[in-house]
Each structure stands twice: as structure tokens, then as C-alpha cells.
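First residue of the sequence shown: 0, per numbering that gives the first Met the number 0; consecutive thereafter. Note that beta-carbon positions come from the ideal geometry of N, C-alpha and C, so glycine has one too. Remember, predicted model here, so these are calculated numbers, not experimental data. Take a look at the structure below.
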Amino acid sequence: MLLYIDAPHGRAANPRGLNVNGNVAWLLMELVSPITCFLAACSEPFESTPNAMLLPSFQNFDMHRIRALPAARLSLLLAFLLHYLHRSLISTLRNPGRSPMHVSVPISAMVFNLLNGYLIGSWLSGRCLSVPHNPVHTPSSSLGPAWAQFSLYMVGWALGFGSNIAHDELLSRLRRSSKTKARYSVPHGLLYSSPFGGISCPHYLSELFEWLTFAGAASVAVHQLEQTSSVCDHDLFHSPPGLFFLAMVAVLMPRAIRTHRWYVKRFGGLIPNNRRAIIPGLL
Numbered sequence: 000m001l002l003y004i005d006a007p008h009g010r011a012a013n014p015r016g017l018n019v020n021g022n023v024a025w026l027l028m029e030l031v032s033p034i035t036c037f038l039a040a041c042s043e044p045f046e047s048t049p050n051a052m053l054l055p056s057f058q059n060f061d062m063h064r065i066r067a068l069p070a071a072r073l074s075l076l077l078a079f080l081l082h083y084l085h086r087s088l089i090s091t092l093r094n095p096g097r098s099p100m101h102v103s104v105p106i107s108a109m110v111f112n113l114l115n116g117y118l119i120g121s122w123l124s125g126r127c128l129s130v131p132h133n134p135v136h137t138p139s140s141s142l143g144p145a146w147a148q149f150s151l152y153m154v155g156w157a158l159g160f161g162s163n164i165a166h167d168e169l170l171s172r173l174r175r176s177s178k179t180k181a182r183y184s185v186p187h188g189l190l191y192s193s194p195f196g197g198i199s200c201p202h203y204l205s206e207l208f209e210w211l212t213f214a215g216a217a218s219v220a221v222h223q224l225e226q227t228s229s230v231c232d233h234d235l236f237h238s239p240p241g242l243f244f245l246a247m248v249a250v251l252m253p254r255a256i257r258t259h260r261w262y263v264k265r266f267g268g269l270i271p272n273n274r275r276a277i278i279p280g281l282l
């Protein structure tokens with residue numbers, strides 16, 4: 000459906016719709032995720048009944064629960080909070096001004112961020128019931144490859160996070176430029192230009208890579224660095240981080256394709272013929 004319908008914000012905003020201030024809406028809807036994640040991580044573990052996990056519950060907050068987390072889980076929690084604090088606070092302050100949004104956009108985003116932040120925070124903090132993975136103790140010497148794999152995934156996360164910021168900054172510079180009279184123009188530089196002619200939405204590609212590597216690191220942290228697993232843990236794409244990545248694919252891929260079509264329609268020959276939407280040389 001998202002291949003045919005644009006969410007009513009940004010270039011697709013309708014000035015005659017039921018709109019709210021773009022920057023204020025962005026700040027509020029994105030701030031929900033880190034707040035919810037933090038509160039969930041500080042809350043006590045779920046009760047031993049399945050119904051306790053059906054509805055969000057925050058109770059008996061204690062910062063010591065976060066400090067007591069294994070290093071890998073703590074790193075993932077801090078990475079998630081860093082992403083969303085930048086996305087909500089810093090990007091709002093640095094953005095020259097977002098277009099008005101239809102009120103449905105921040106409301107739907109708040110609902111998603113509430114659930115996603117709650118699930119990620121609860122999962123990373125180990126609030127789910129834990130059961131032995133294997134009663135045999137795993138020698139610490141065998142954890143070296145797992146730590147190397149975890150570190151590699153986290154480096155990938157950092158690269159995706161940095162690339163996302165860098166490409167967003169290029170877009171912001173275009174809007175802030177006094178030489179640019181029109182609100183929109185063709186971006187160039189970094190993945191906008193290369194390889195293979197570049198792509199129209201490198202910030203989306205960067206974010207997908209960021210959350211894919213985050214999910215990979217989370218899987219290693221739970222299944223290889225620890226001897227226990229949660230009833231919430233299955234394979235990579237059945238964990239909250241993996242499901243989050245799949246949700247981002249479902250949202251960002253169609254929007255990238257429609258954004259690229261919009262660029263081509265609006266700017267025509269100014270767009271390189273071999274530029275793609277989100278995957279260089281392919282899509």
C-alpha cells in the first residue's frame with residue numbers, strides 16, 4: 000500500500016489538511032521511544048504469568064537494573080537511546096524547519112514508538128522470563144569469537160548511525176542555504192552521488208543498515224554471550240530488534256521508491272540516469 004500512498008508529511012504534506020507544526024510533532028513523536036525504552040529497562044521483571052506481558056507495564060523503577068546489565072546488553076540499550084535522543088532533540092534543533100504534518104502522522108508514530116520502545120527496553124533489560132539455554136557451563140575462552148562478532152556488528156551500527164546523520168545533514172544544508180530559493184533541490188555528495196550513480200535516499204539505507212546490525216548484535220549478545228535466553232527470544236527476526244528492522248523495511252523501502260519517482264518527475268534531467276532509490280545500482 001505504501002508504494003501507492005505517501006504518508007502526509009514532508010514533500011507529501013497537504014497544506015489544506017488537519018496539520019500540526021512539523022518540528023513540534025517530530026520532537027514529541029520521536030521522544031516517546033527513548034523515554035519508553037528507558038522506563039521499561041528500569042522496571043522490575045515481568046510476573047511469572049503470560050498475561051503480564053500483554054500490556055505495557057512500568058513499575059518499581061530502579062536505575063540499578065540498568066547498571067547491572069551485562070556489557071553487551073547495556074551497549075545495545077545505550078545505542079538505541081543515543082539514536083533516538085539525536086533523532087528527537089538534536090535533529091529538531093538543527094533542522095531549518097519541517098513541513099506541517101497531518102495530525103495522523105505523529106499520532107501513529109507515537110503509538111508505534113510507544114510499543115517499540117517498550118519492547119526493546121524490556122527485552123534488552125531481561126524483563127522476560129529466563130530459562131537455561133544449556134545446563135553445561137560455557138568456557139569463557141569460547142566467547143572470544145562471539146565478542147568479536149558482537150563488536151563487528153556494533154561497528155556496523157555506528158557506521159549506519161553516522162551515515163544517517165551525515166546524509167540528513169546534507170539535506171539540511173540544502174534547506175539552510177541562502178542560495179537555494181526553492182524548498183527542494185537535488186542533493187549530491189556521499190551516497191547521493193556514488194557508487195553506481197548514487198541513490199536518492201541514502202539516509203533510509205543507512206538507517207536500515209543501522210538497525211540490521213543492531214539486530215545482529217542483539218542476537219549475538221543473547222544467544223552466544225550469555226547462557227540464558229528469554230521466552231521472548233527465538234531467531235534473529237523473531238526478537239524485538241529483528242521485528243523492528245522488518246518494520247523499518249516495510250516503511251522505508253516503499254517511501255524511498257516513491258521519493259525517487261518524485262525526484263525524477265520534478266527535476267527530470269538533473270537526476271543522473273543511473274541513480275537508484277535506495278540500493279546503489281539495483282533498486
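Please confirm whether residue i and residue j have their CB atoms less than 8 Å apart.
{"i": "A145", "j": "V221", "result": "no"}
{"i": "P44", "j": "G116", "result": "no"}
{"i": "L26", "j": "T91", "result": "yes"}
{"i": "G197", "j": "Y191", "result": "yes"}
{"i": "A71", "j": "L235", "result": "no"}
{"i": "H166", "j": "L142", "result": "no"}
{"i": "H82", "j": "G16", "result": "no"}
{"i": "I89", "j": "L76", "result": "no"}
{"i": "N163", "j": "N94", "result": "no"}
Can you tell me whether DSSP reads residue i as helix, strand or coil?
{"i": "M100", "result": "strand"}
{"i": "N94", "result": "coil"}
{"i": "V185", "result": "coil"}
{"i": "N18", "result": "strand"}
{"i": "I270", "result": "coil"}
{"i": "V130", "result": "At V130, the pLDDT of 41 sits below 50, so the modelled position is not reliable and the matter cannot be decided from this model."}
Apart from the five residues on each side of it in sequence, which residues of its chain come closer than 6 Å, Cβ to Cβ, to residue i?
{"i": "M109", "result": "M28 and V31"}
{"i": "P269", "result": "A quick correction: the sequence has Leu, not Pro, at residue 269. Within the same chain, L269 has close Cβ partners V185."}
{"i": "M153", "result": "A216"}
{"i": "A39", "result": "Y117, G120 and S121"}
{"i": "V263", "result": "I270"}
{"i": "Q148", "result": "V219"}
{"i": "F266", "result": "V185"}
Please go through the same chain and pick out, in chain order, the residues whose beta-carbon is closer than 7 Å to the beta-carbon of residue i, but skip the five residues on each side of it.
{"i": "F79", "result": "C36 and I119"}
{"i": "D61", "result": "C41"}
{"i": "N20", "result": "P99"}
{"i": "P240", "result": "I119, F213, A214 and A217"}
Output the boundary residues of the alpha helix (DSSP H) element that contains residue i.
{"i": "I278", "result": "Run containing I278: none; DSSP gives neither H nor E here."}
{"i": "I256", "result": "P239 to F266"}
{"i": "Q148", "result": "G143 to R175"}
{"i": "L76", "result": "A70 to L84"}
{"i": "P201", "result": "P201 to H222"}
{"i": "I65", "result": "H63 to R66"}
Which residues in the same chain have their Cβ closer than 8 Å to the Cβ of residue i, if we skip the five residues on either side of it in sequence?
{"i": "C200", "result": "L251, R254, A255, T258, H259, A276 and I277"}
* **Contact between the segment 153-171 and the segment 203-213 (3+ Cβ pairs under 8 Å)** => Yes, the segment 153-171 is in contact with the segment 203-213.
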